[in-house]
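The structure appears below as structure tokens.
Protein chains: 2
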Amino acid sequence: MNRIKKICRKYLIHLQKSVFEGAVTEGQYHKLIGELRSIIDDKLDFVVVYTLPDGNKLNRTILTDTPDPADNLL
Amino acid sequence: MNRIKKICRKYLIHLQKSVFEGAVTEGQYHKLIGELRSIIDDKLDFVVVYTLPDGNKLNRTILTDTPDPADNLL
Chain A
7 MNRIKKICRK YLIHLQKSVF EGAVTEGQYH KLIGELRSII DDKLDFVVVY TLPDGNKLNR
67 TILTDTPDPA DNLL
Chain B
7 MNRIKKICRK YLIHLQKSVF EGAVTEGQYH KLIGELRSII DDKLDFVVVY TLPDGNKLNR
67 TILTDTPDPA DNLL
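Protein chains in written order, with our numbering: chain A, 7 to 80; chain B, 7 to 80.
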């Protein structure tokens, strides 16, 4: 799992445990996926990627007062 | 954290660790948020909710072969 985290941190913000988020270009997205595919264990790991096509909106609400790791970047 | 998981499981699919997903009605959403707000610790917990307004698309890709907990429900 640490190798997956290490790759994700190159492109995304580490939000919590196994959750990363961020805005990436098409090129960065394909590099990220390629790097992940080269190290993940198909039978043991469970990796889900959500992508929001341009023009689509996603609301993001934080229910707590704890600092938002993505705060100064988005 | 377990109390949060218990509430989330009533409305959503437990995908992984602290990640839940699902399709809920407006009413269910407000009930879920209300129940969560009543137990979360504002200073210690970090709870982020992503909502996709009607008409918006989200792509969901699984990079591994491991079973998808949401498989028979979505």
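Just so it is clear, CB atoms sit at the ideal spot from N, CA and C, and this is done for glycine as well.
Legend entry - For B/E27 and A/G28, the rounded distance between their alpha carbons: Your numbering for residue 28 of chain A matches position 22 in the first sequence. Your numbering for residue 27 of chain B matches position 21 in the second sequence. Distance from the CA of A/G28 to the CA of B/E27, rounded to the nearest whole angstrom, comes to 18 angstroms.
Inset, instruction - Along the alpha helix (DSSP H) that carries B/N62, what are the first and last residues, could you check? - result: Counting from 1 along the second sequence, the entry for residue 62 of chain B is found at position 56. Run containing B/N62: none; DSSP gives neither H nor E here.
Legend entry - Which residues DSSP lists as bridging B/V55, in chain order: As a working mapping, residue 55 of chain B is identified with position 49 in the second sequence. A/T67.
Inset, instruction - Report buried or exposed for A/L80, applying the criterion of at least 16 other Cβ atoms within 10 angstroms of its Cβ. - result: Indexing the first sequence from 1 puts residue 80 of chain A at position 74. In this prediction, A/L80 scores a pLDDT of 47, lower than 50, which makes its location untrustworthy; no coordinate-derived value is stated.
Legend entry - N-terminal and C-terminal residue of the beta strand (DSSP E) that A/L38 is part of: For the purposes of this step, residue 38 of chain A is identified with residue 32 of the first sequence, where counting begins at 1. Looking at the DSSP string, A/L38 is not in any beta strand (DSSP E); the run it does join, the alpha helix (DSSP H), is 32 to 45.
Inset, instruction - Step through the CB atoms of chain B and report whether any lies within less than 8 angstroms of the CB of A/V30. - result: For the purposes of this step, residue 30 of chain A is identified with residue 24 of the first sequence, where counting begins at 1. Not an interface residue.
Inset, instruction - For chain A, find out if any of its Cβ atoms is closer than 8 angstroms to the Cβ of B/S44; answer yes or no. - result: The residue given as residue 44 of chain B occupies position 38 in the second sequence. So no, B/S44 is outside the interface.
Inset, instruction - Could you check if A/L42 is buried or exposed, using at least 16 other CB atoms within 10 Å of its CB as the buried criterion? - result: Start at 1 with the first residue of the first sequence, and residue 42 of chain A comes out as number 36. Counting Cβ neighbours within 10 Å, A/L42 comes out buried, since at least 16 surround it.
Inset, instruction - Compare the C-alpha of A/V55 against each of A/G33, A/C14, A/D74 and name the closest. - result: Your numbering for residue 55 of chain A matches position 49 in the first sequence. A/V55 has its Cα closest to that of A/C14, out of A/G33, A/C14, A/D74.
Inset, instruction - Compute the beta-carbon to beta-carbon distance between A/V25 and B/I68, rounded to the nearest angstrom, for a pair I have assumed lies under 8 angstroms. - result: For this step, residue 25 of chain A is matched to residue 19 along the first sequence. For this step, residue 68 of chain B is matched to residue 62 along the second sequence. Actually they do not touch by this definition, with Cβ atoms about 15 angstroms apart.
Legend entry - Contact under 8 angstroms by Cβ, A/I39 with A/I10: Your numbering for residue 39 of chain A matches position 33 in the first sequence. Your numbering for residue 10 of chain A matches position 4 in the first sequence. In this structure, A/I10 does not lie closer than 8 angstroms to A/I39 by Cβ.
Legend entry - CA-to-CA distance, A/N65 to B/K32, given in whole angstroms: Position 26 of the second sequence holds residue 32 of chain B. Position 59 of the first sequence holds residue 65 of chain A. The identity of residue 32 of chain B in the sequence shown is Glu, whereas the question assumes Lys. Approximately 14 angstroms, taken between the alpha carbons.
Inset, instruction - Following the continuous alpha helix (DSSP H) through A/K11, name the residue where it begins and the one where it ends. - result: Here the question's residue 11 of chain A lines up with position 5 in the first sequence. Looking at the DSSP string, the run of the alpha helix (DSSP H) that includes A/K11 is 8 to 17.
Inset, instruction - Compare the C-beta of B/Q34 with all C-beta atoms of chain A and state if any pair is closer than 8 angstroms. - result: As a working mapping, residue 34 of chain B is identified with position 28 in the second sequence. Cβ-Cβ to chain A under 8 angstroms: no for B/Q34.
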